[in-house]
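Read in order, the letters of the sequence shown are residues 23 to 743 in the numbering used here.
The C-beta atom is built at its ideal place from N, Cα and C for all residues, glycine as well.
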Amino acid sequence: MSPSPPYHGPAVRRAVPLLALGALLASSLALAAPPAQAAETLLSQGRPATASSQEGDGYAPSAAVDGNLTGTRWASRWSDPQWFQVDLGQRSDLSRVVLTWEGAYGRSYQIQASDDGTDWRTLKTVTGGDGGTDELAVTGSGRYVRMLGTERSGGYGYSLWEFQVYGSTDGTPPATGAVEVTGSQGNWQLTVGGQPYTVKGLTWGPAIADAPKYLPDVKSMGVNTIRTWGTDGGTKPLLDSAAANGLKVVNGFWLQPGGGPGSGGCVNYVTDTTYRNTMLTEFTKWVEAYRNHPATLMWNVGNESVLGLQNCYSGAELEAQRNAYTGFVNDVAKKIHSIDPDHPVTSTDAWTGAWPYYRRNAPDLDLYSMNSYGDICGVREDWEQGGYTKPYLITEGGPAGEWEVPDDANGVPDEPTDVQKAEGYTKAWNCVTGHRGVALGATLFHYGTEHDFGGIWFNLLPDGLRRLSYYAVKRAYTATAGNDNTPPVVSALAVSPASSAPAGGEFTVRADVRDPDGDPITYKIFLSGNYANGDKRLVEASWRSTGNGTFAVRAPEKLGVWKVYLQAEDGRGNAGIETKSVKVVAPPVTGTNVALNKPTTASSFQPSYGDCPCEPAKATDGRADTRWASDWSDPQWIQVDLGSATPVRKLQLVWDPAYAKSYEVHISDNGTAWRTVHSTTIGNGDIDTIDVAATARYVRLHLTARGTGWGYSLHEFGIYG
23 MSPSPPYHGP AVRRAVPLLA LGALLASSLA LAAPPAQAAE TLLSQGRPAT ASSQEGDGYA
83 PSAAVDGNLT GTRWASRWSD PQWFQVDLGQ RSDLSRVVLT WEGAYGRSYQ IQASDDGTDW
143 RTLKTVTGGD GGTDELAVTG SGRYVRMLGT ERSGGYGYSL WEFQVYGSTD GTPPATGAVE
203 VTGSQGNWQL TVGGQPYTVK GLTWGPAIAD APKYLPDVKS MGVNTIRTWG TDGGTKPLLD
263 SAAANGLKVV NGFWLQPGGG PGSGGCVNYV TDTTYRNTML TEFTKWVEAY RNHPATLMWN
323 VGNESVLGLQ NCYSGAELEA QRNAYTGFVN DVAKKIHSID PDHPVTSTDA WTGAWPYYRR
383 NAPDLDLYSM NSYGDICGVR EDWEQGGYTK PYLITEGGPA GEWEVPDDAN GVPDEPTDVQ
443 KAEGYTKAWN CVTGHRGVAL GATLFHYGTE HDFGGIWFNL LPDGLRRLSY YAVKRAYTAT
503 AGNDNTPPVV SALAVSPASS APAGGEFTVR ADVRDPDGDP ITYKIFLSGN YANGDKRLVE
563 ASWRSTGNGT FAVRAPEKLG VWKVYLQAED GRGNAGIETK SVKVVAPPVT GTNVALNKPT
623 TASSFQPSYG DCPCEPAKAT DGRADTRWAS DWSDPQWIQV DLGSATPVRK LQLVWDPAYA
683 KSYEVHISDN GTAWRTVHST TIGNGDIDTI DVAATARYVR LHLTARGTGW GYSLHEFGIY
743 G
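Here's what the structure looks like:
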């Protein structure tokens with residue numbers, strides 16, 4: 023699958039700028055189970071089977087699910103423990119397990135179920151088994167079912183003539199057949215094989231290799247569809263896994279420039295016939311490859327490109343490019359229809375202002391698609407006011423994005439709380455279902471596991487931990503809260519001091535945390551430098567609990583606005599995560615800054631680059647928002663004339679990201695003869711506070727090795743007496 027950015031923005035409308043655990047049952051052998059219900063089905067026969075071991079080539083695990091009760095069998099090695107498991111292909115409701123033992127049977131064993139083949143739930147515990155046929159009534163669900171043997175009956179291993187699992191799927195057979203947009207103006211519906219189909223979807227984030235692990239969980243949420251941004255030769259395993267779980271896929275095709283980060287540059291759709299032909303050929307190849315795949319629901323050509331073209335062009339040229347782009351989308355739609363008449367074609371944007379271009383230039387689209395977050399209910403209003411004659415699908419939606427929320431006191435977007443995010447998904451689905459006959463469903467954003475800045479904002483399960491938003495989507499799609507164990511709820515999160523945390527010092531985090539199920543809570547605290555240095559990773563902070571929901575956290579050494587994340591886990595795979603910003607400032611230094619506004623010179627400075635001119639005097643003006651910046655070469659120097667011999671006790675160097683890895687501090691009485699009072703070769707760009715016990719008129723930094731490819735840059739060169 024073509025790579026795509028996991029987070030998208032700005033996706034705007036108008037403005038352009040725990041799982042419920044299976045019952046844990048401990049019982050003796052139950053040989054007289056009630057008769058199977060009429061809807062009960064043998065699910066295991068012929069399905070893939072594996073085991074911890076086998077006695078020899080003639081005793082493979084597959085022999086225990088081949089339907090032959092007396093002629094073939096699986097047999098394990100002669101040791102404890104051993105296990106045998108079968109993959110049912112999709113998550114199923116389980117009612118009965120029948121084990122037909124050979125002479126080597128299990129005296130003690132457990133029947134377990136799993137959604138991913140890794141995390142197991144015990145459905146039945148058997149002790150005192152006596153062989154023969156064990157018919158066990160079970161309650162629970164899963165894709166994988168296994169027998170975990172803990173005690174053999176004798177000196178041999180475990181041996182099963184047959185291992186039979188009975189139950190039913192979730193009641194919704196996989197949708198098959200041609201996909202169509204049917205109906206008439208304002209009364210449309212999507213059908214699959216002639217049956218109504220409302221898209222209850224999620225955008226797909228994990229690696230394709232992890233699809234067998236995660237798609238059973240996706241299915242358990244009531245999801246019937248996943249959306250991708252790219253389709254290529256690597257897509258088939260994802261389609262196969264989706265089909266195995268009864269899910270459909272919106273197969274995306276990525277076109278430049280896109281609307282989100284990582285769009286890959288600008289294309290001239292008016293003149294670049296090579297790009298257009300290349301993309302048309304590429305898309306055609308994969309439509310031919312996957313048009314008959316049972317998981318294919320529809321084709322989606324492009325993502326936010328009508329909006330994204332504003333990053334490449336302006337004025338009349340922008341208008342021409344938007345017309346050319348949507349005309350090309352229509353060419354693709356016509357080509358797809360000629361190859362695959364059985365699946366609709368759509369195109370996604372993040373601005374309803376794109377729809378007039380599609381209406382004018384792309385009549386062969388079967389429906390429109392829209393990415394919309396905080397303003398999702400406005401999509402209906404714009405559709406009605408625009409007089410459009412095609413239905414639409416919401417291809418991304420959820421809580422308000424970074425581009426839609428007000429800034430906090432530190433001037434960065436104020437991220438919604440977990441509760442607000444969960445409400446955002448509920449609102450999104452209500453807006454979709456409220457536009458009956460026009461909105462055909464949604465693939466909400468985002469089934470992702472990244473545990474970083476964007477992952478905390480949008481992912482339903484960052485680092486595999488289920489959020490309140492996860493359960494909000496599950497309730498929306500299944501219309502029931504079930505008996506799920508849900509995450510801790512973090513509220514009233516506060517940081518102090520929020521706008522003046524000293525670099526390398528401590529600040530305080532306070533919150534009220536409760537767990538609805540009474541589970542014990544463990545905490546983690548993370549920091550993100552996204553706004554300070556562009557690093558979106560979350561790094562675990564150094565912190566200590568001070569009691570009553572209060573924590574002392576060590577501030578980063580680098581200045582700027584950081585995000586602090588309080589993560590509360592319940593030990594059941596759930597987490598509540600709240601975040602606030604904290605502004606890290608230079609730690610106060612006692613005494614007087616004798617360098618303030620004193621004559622400052624340097625070997626060089628940048629006259630015009632970014633925020634420059636960056637003259638030497640800006641390193642001694644007392645302002646954190648100005649800086650001196652040198653040429654991009656070694657060595658360089660900057661010096662201050664204090665006017666007369668002055669006691670110097672301490673230096674504080676506030677580096678910009680362009681820092682010194684190696685430097686010396688020189689002092690002089692006359693500006694000619696210098697003596698060294700400090701040196702380092704391990705500078706890291708953090709604030710350097712240096713003790714100096716001397717008297718001098720001149721203080722100079724002699725900079726010999728840069729820490730980056732740029733020059734040297736100081737926000738402040740403080741000298742304290």
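Secondary structure at HIS359, three-state DSSP: helix, strand or coil? helix
Over the uninterrupted alpha helix (DSSP H) stretch that includes GLN18, give me the two end residues. Residue 18 lies beyond the range of the chain shown here (23 to 743); nothing can be said about it.
What residue from ASP254, PRO421 and LEU319 has the CA that sits closest to TRP308's CA? ASP254
To the nearest angstrom, how far is the alpha carbon of LYS412 from that of ILE230? 33 Å
Go to ARG649, then tell me how far its alpha helix (DSSP H) extends in each direction, as first and last residue. Counting along the chain, ARG649 falls outside any alpha helix (DSSP H), and DSSP gives it neither H nor E.
Assuming the contact rule is C-beta atoms closer than 8 Å, SER550 and PHE480 should be a hit. Round their C-beta distance to whole Å, please. No, SER550 and PHE480 are not in contact; Cβ-Cβ is about 14 Å, not under 8 Å.
Presumed contact (8 Å Cβ cut-off) between ILE741 and VAL616, rounded CB distance: 5 Å
Measure the beta-carbon distance from VAL517 to TYR447 and round it to whole angstroms, keeping in mind my assumption that it falls under 8 Å. That belief does not hold up - the Cβ atoms of VAL517 and TYR447 are roughly 26 Å apart, past 8 Å.
For my contact list, TRP100 and GLY171 are in at a C-beta cut-off of 8 Å; report their separation, rounded to the angstrom. The pair is not a contact, with the Cβ atoms about 12 Å apart (cut-off 8 Å).
Under 7 Å between the Cβ atoms of TRP650 and LEU736? yes
Is it a yes or a no for the stretch 524-533 touching the stretch 566-577, going by three-plus beta-carbon pairs under 8 Å? yes
What did DSSP end up calling GLU579 once you bin it into helix, strand or coil? coil
Please report the residue range of the beta strand (DSSP E) in which ASN209 lies. 209-214
Would you tell me roughly how many angstroms separate the C-alpha atoms of ASN692 and PRO621, rounded to the nearest one? 14 Å
So what does DSSP say about ASN290, is it helix, strand or coil? coil
Around the Cβ of LEU53, are there at least 16 other Cβ atoms within 10 angstroms (buried) or fewer (exposed)? Note that LEU53 scores 26 on pLDDT, short of 50, meaning its location in the model is unreliable; the coordinates nonetheless yield the value given after this. By the neighbour-count rule (16 or more Cβ atoms within 10 Å), LEU53 is not buried but exposed.
Using a Cβ distance threshold of 8 Å, determine whether the stretch 315-329 contacts the stretch 260-271, with at least three qualifying pairs required. yes
Just reading off the beta strand (DSSP E) that GLN788 is part of, what are its end residues? The chain is shown only over 23 to 743; residue 788 falls outside these bounds and no answer can be derived.
Is it buried or exposed, ASN505, if we count other Cβ atoms within 10 angstroms and call 16 or more buried? exposed
So, for LEU482: in the same chain, excluding its five sequence neighbours on each side, which residues have a beta-carbon less than 8 Å away from its beta-carbon? LEU224, HIS468, TYR469, GLY470, ARG488, ARG489, SER491, TYR492 and VAL495
Quick check for students: name the residue ranges of the beta strand (DSSP E) that lie wholly in the stretch 198-259, counting only runs of 3 or more. 201-206, 209-214, 221-226 and 247-249
Tell me HIS700's beta-bridge partners as DSSP assigns them. VAL687
Mind checking who PRO435 pairs with in its DSSP beta bridge? ASP429
So, are the CB atoms of ALA233 and LEU269 less than 7 Å apart? no
So, for ALA514: in the same chain, excluding its five sequence neighbours on each side, which residues have a beta-carbon less than 8 Å away from its beta-carbon? ARG532, ALA533 and ASP534
Using DSSP with H/G/I as helix, E/B as strand and the rest coil, what is ILE543? coil
How many whole angstroms separate the CB atoms of VAL201 and PRO363, which I take to be in contact at a CB cut-off of 8 Å? Their Cβ separation, rounded to whole angstroms, is 10 Å, which puts VAL201 and PRO363 out of contact at 8 Å.
Enumerate in chain order the residues of its own chain whose CB-to-CB distance from ALA126 is below 8 Å, with the five nearest sequence positions on each side excluded. ALA97, ARG174, SER175, GLY176, TYR178, GLY179, TYR180 and SER181
Let me make sure I understand the geometry here. Which of PRO510, ASN552, GLY707 and GLY733 has the alpha-carbon closest to that of THR544? PRO510
Three-state secondary structure (DSSP) of TYR335: coil
Proximity test, Cβ basis, 7 Å: GLY476 and chain C: Absent from the structure is chain C; it holds one protein chain and no more.
Tell me whether the beta-carbon of ILE398 lies closer than 7 Å to the beta-carbon of GLY423. no
For a quick check, are the C-beta atoms of TRP251 and ASN325 less than 7 Å apart? yes
Reduced DSSP category for ARG719 - H, G, I as helix; E, B as strand; rest coil: strand
What residue from PRO279, ASP386, ASN345 and GLY154 has the CA that sits closest to THR92's CA? GLY154
Would SER652 pass as a contact of GLN661 if the rule is Cβ separation under 7 Å? no
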